[in-house]
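To start, the structure under review is shown below, and the notes come after it.
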Amino acid sequence: MVGQVWLCLVIIGNGPRRRAPGRGLWDPVARRYDIGVRFGDPVAKDIIAMRIAPDMTMVFVGSPEYLQSRIEAKRPQDLTRHNCINLRLPMRNSPLAWELSKGRRELQVRVEGQLTFNNVYQMVEASLAGFGLAYVPKELVQPHVDAKRLAWVLEDWYPIRRASCLLSEPPQVIKGG
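Last residue of the sequence shown: number 176 in numbering that gives the first Met the number 0, and the count goes up by one each step with no gaps.
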């Protein structure tokens, strides 16, 4: 079992409570929040970003049973011929494109499949059950690959995703009068 990282923020202050916006990427500083968490690069250049997690390698996996019945994916375009298990996050209106990276070459492939989930744990379970390929963090599926319950696909195209960052605005300098 892969360990989970939990982040708990306790903000003490007298300010009014504000509710986070519902969908999409947004700048926590511009909306007058003290702090925010973002996966990847900061939204604005003048925001201070402190890494709170390591970079993550994303991988493509499928069960041996699923892969036996399909043509081997040798290039990114071959993913379109597979039943791919998609991820749709609450902040997006459509499933995420699968990102691939090889050297300096980067691609995004829109894949199709019968299943779409809102978390990677369900995607792993569906892939283990033979429903298709999943695009998930390597750390999450490494034990399943070691036990031969899942197998790597397109190993030379694994992208590295930027770490999660804690975001805040630069401290304000108050000049004495």
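The C-beta atom is built at its ideal place from N, Cα and C for all residues, glycine as well.
Nearest residue (CA-CA) to residue i, options the options
i, options, result
"Glu124", "His143, Glu111, Gln107 and Leu106", "His143"
"Glu111", "Arg91, Pro89, Asp77 and Asn118", "Asp77"
"Asn92", "Lys73, Asn82, Val152 and Thr115", "Thr115"
"Arg160", "Ser167, Lys73 and Pro53", "Pro53"
"Tyr65", "Gln141, Pro158, Glu138 and Leu132", "Leu132"
"Val119", "Arg103, Glu105 and Leu95", "Leu95"
"Glu154", "Gln141, Ala146 and Ser163", "Gln141"
"Arg80", "Gly102, Ala162, Gln113 and Tyr157", "Gln113"
"Lys73", "Arg103, Ile51 and Tyr157", "Tyr157"
Inter-residue CB distance, residue i and residue j (contact presumed, cutoff 8 Å)
i, j, result
"Asp45", "Pro169", "6 Å"
"Pro75", "Val108", "5 Å"
Coil, strand or helix - residue i by DSSP
i, result
"Glu64", "helix"
"Tyr120", "helix"
"Pro170", "coil"
"Lys147", "coil"
Contact set for residue i: own chain, Cβ-Cβ below 8 Å, skip 5 residues either direction
i, result
"Asn117", "Leu86, Arg87, Leu88 and Pro89"
"Ser62", "Ser126, Leu127, Ala128, Gly129, Arg148, Leu149 and Ala150"
Residue-level contact to chain D via CB, residue i, 8 Å cutoff
i, result
"Ala128", "No chain D is present in this structure, which holds just one protein chain."
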